[in-house]
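All residue numbers for the sequence shown refer to this note's numbering, where the first residue is 97 and numbers rise by one.
We treat Cβ as the ideally placed atom computed from N, Cα and C, and that holds for glycine.
First up is the structure itself, then whatever we jot down about it.
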Amino acid sequence: MNIGIQGRLPRPLTLGEVHALLFGGGAPDPVPGLAFGKDRVETVGIVSGGAPHEAYQAVERGLDLYITGESAHGMYHLAQEEGLNVIFGGHYRTETWGVRLLADRTFRDTGLDTRFFDIPTGL
């Protein structure tokens, strides 16, 4: 699997600011992460769901932050040794971003009413 999307933020942000943008201040549970990289991040790579090992690609591409859903034990040492920031946002939570955006886009483009039934698993 390849990093699904990567890009540069309009301005450097702290990990706390990125958390707030992605999950809001009222996330029901803490979002785990590894803060071993820069204090402020500019370049970001994302793979939703369960893709912890694609963090190697983030290192190869010189990204400041890698975001995915699930963690793996060995990712701790990779992030620490390579100076990479990682956010593990939860498999379900990261998979639903695209579905929600697609629903909004479908309504905007076609007028078709869509509904998203949020039934989180906690994973």
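Buried or exposed, going by whether 16 or more other CB atoms sit within 10 Å of the CB of residue i?
| i | result |
| --- | --- |
| valine 182 | buried |
| glycine 41 | In the structure as shown, the chain starts at 97 and stops at 219, and residue 41 therefore has no counterpart that could be examined. |
Would you say residue i faces chain B, with C-beta separation under 8 Å as the test?
| i | result |
| --- | --- |
| histidine 187 | The structure shown contains no chain B; it is built from a single protein chain. |
Are the CB atoms of residue j and residue i within a distance shorter than 8 Å?
| i | j | result |
| --- | --- | --- |
| arginine 136 | leucine 109 | yes |
| glycine 154 | glycine 145 | The question names glycine, but residue 154 in the sequence shown is alanine. Taking 8 Å as the Cβ cut-off, alanine 154 and glycine 145 do not qualify as a contacting pair. |
| threonine 217 | tyrosine 188 | yes |
| leucine 130 | tyrosine 172 | yes |
| alanine 147 | leucine 180 | no |
| histidine 149 | alanine 175 | no |
| glycine 100 | valine 143 | yes |
Could you check the C-alpha separation between residue i and residue j for me, to the nearest Å?
| i | j | result |
| --- | --- | --- |
| glycine 133 | threonine 139 | 11 Å |
| phenylalanine 212 | threonine 190 | 14 Å |
| alanine 199 | aspartate 214 | 13 Å |
| glycine 120 | glycine 158 | 27 Å |
| leucine 118 | asparagine 98 | 21 Å |
| threonine 206 | glycine 103 | 29 Å |
| valine 114 | arginine 204 | 27 Å |
| glutamate 166 | arginine 107 | 26 Å |
Per DSSP, which one or two residues make a beta bridge with residue i?
| i | result |
| --- | --- |
| leucine 109 | Val137 |
| phenylalanine 184 | Thr164 |
| glycine 129 | Ile183 |
| isoleucine 142 | Ile101, Ile163 |
Given residue i, which residues of its chain have a CB within under 6 Å of its CB, disregarding the five upstream and five downstream residues?
| i | result |
| --- | --- |
| proline 128 | Phe184 |
| threonine 202 | Leu208, Thr210 |
| leucine 105 | Glu138 |
Give me, in chain order, the residues of the same chain whose beta-carbon lies closer than 7 Å to that of residue i; leave out the 5 immediate sequence neighbours on both sides.
| i | result |
| --- | --- |
| glutamate 178 | Val155 |
What does a CB cutoff of less than 8 Å around residue i pick up in its chain, not counting 5 residues either side in sequence?
| i | result |
| --- | --- |
| alanine 116 | none |
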